[in-house]
Each structure stands twice: as C-alpha cells, then as structure tokens.
Amino acid sequence: MGFYSIKSEQRLPITLEEAWDFFSSPKNLSKITPKEMGFEITNNPDPKMFQGQIITYTVKPVLGIKMPWMTEITTVDEGKYFVDEQRFGPYALWHHRHYFKEIEGGVLVGDEVNYKVPFGILGDIANALFVKNKLKEVFAFREKVLIEYFGEFK
Numbered sequence: 022m023g024f025y026s027i028k029s030e031q032r033l034p035i036t037l038e039e040a041w042d043f044f045s046s047p048k049n050l051s052k053i054t055p056k057e058m059g060f061e062i063t064n065n066p067d068p069k070m071f072q073g074q075i076i077t078y079t080v081k082p083v084l085g086i087k088m089p090w091m092t093e094i095t096t097v098d099e100g101k102y103f104v105d106e107q108r109f110g111p112y113a114l115w116h117h118r119h120y121f122k123e124i125e126g127g128v129l130v131g132d133e134v135n136y137k138v139p140f141g142i143l144g145d146i147a148n149a150l151f152v153k154n155k156l157k158e159v160f161a162f163r164e165k166v167l168i169e170y171f172g173e174f175k
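Quick note, the sequence shown lines up with residues 22 to 175 if you use our numbering.
(1) Can you list, in chain order, the residues of its chain with a C-beta nearer than 8 Å to that of E158? Leave out the 5 residues immediately preceding and following it.
(2) Find out if the Cβ-Cβ distance for the pair W41, F121 is shorter than 7 Å.
(3) Based on Cα-Cα distance, which residue from T36, A149 and E61 lies nearest to P47?
(4) For the alpha helix (DSSP H) that contains F44, what are its first and last residues?
(5) Would you report the Cα separation of G73 and G126, rounded to the nearest angstrom?
(6) Would you identify the three-state DSSP class for L50, choosing helix, strand or coil?
(7) Can you tell me which of the three DSSP states I124 falls into?
(8) Closest by CA to F71, which one among K137, W115, D105 and I86?
(9) Can you give me the Cβ contacts of V152 inside the same chain, cut-off strictly under 7 Å, excluding the 5 residues immediately before and after it?
(10) So, helix, strand or coil for V219, using DSSP?
(11) Give every residue of the same chain whose Cβ lies closer than 6 Å to the Cβ of G144, excluding the five residues on either side of it in the sequence, and list them in chain order.
(12) Report yes if the C-beta distance between E247 and K28 is below 7 Å; otherwise report no.
(13) May I ask which residues mark the beginning and end of the alpha helix (DSSP H) holding V166?
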C-alpha cells in the first residue's frame, strides 16, 4: 500500500511567461495528453487558472476504461508553480506540482507527481505492472509534443 512519485523535467526555448501561459490554461491539457487516453474536459473552466478552480474531465488512464476525474487547483504561485490535486478519480491520491524556472536560453518546466493507487496490494501490483509505465509514457508524449510546439532546446 505504497505511495509513489514520478518526476519529469524538460527545457524549452521559450520565455517563462510563454510557458506559464501555455501550461496554466486548462484548454491546453488535451494537446499534451495522448489521444488514446480519450481526455475530454466536461465542465467549462475559466481560461485563466486560479486557486480553488475545479476542472472535470473524462479520461481512459488504464485499459481503455473511461473514468470521470475531478481536480482542484490548490496552489498557484504565478510564474513559479501550481498544484493540482485529484478530488475524484482513478487514484486514491494524486498531487501534481507543475513548476517553472527561467534558465539561460529558455525555461525549465517540471512535474512532480505523488500518487497512490487504490485497492491495497492489488494497486501496488497494478502500479508495478502498468500504472507507473503509463505515467512515464504520458510524460514522454508531452516531451515530444512540446518540442513540436516550441522547438528543441539548444
């Protein structure tokens, strides 16, 4: 009945402001999520993120099973980081911190996800067999798509 973490970082040749504008807009979530996950926002969130914002969507996180998911933006530090936490969905716990740091030639974009899979020992087995790998695939997809959108960091 473990808690798990996954971290991803990517350097992009854009300004901090451009990165913040892109990542803090809920409408861009579908652009950086693999199509086979069937990501679809089901409410009409404000285009500008704010603390307390609720975003509802459906997604097929594993085995093609469509599930409702609700996240709340719990923390926003403009231009530095924001946190989304699952309020309802496939995980027993989901805490996702998105952070941004200006670097020479661009910006460092990072994600830290802390999560817990439900169903006790069965969830731990599921994490080992496919959940963790699926999350890694999602971040690999995002990296590829972000290079297509913004170019490769040199």
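Positions of the beta carbon are idealized from the N, C-alpha and C atoms, including for glycine.
Result, derived from the coordinates:
(1) P55
(2) yes
(3) E61
(4) L37 to F44
(5) 33 Å
(6) helix
(7) strand
(8) D105
(9) V83 and V138
(10) The displayed coordinates of the chain run from 22 to 175. Any statement about residue 219 would go beyond what the structure contains.
(11) V138
(12) With the chain covering only 22 through 175, there is no way to say anything about residue 247.
(13) K153 to F171
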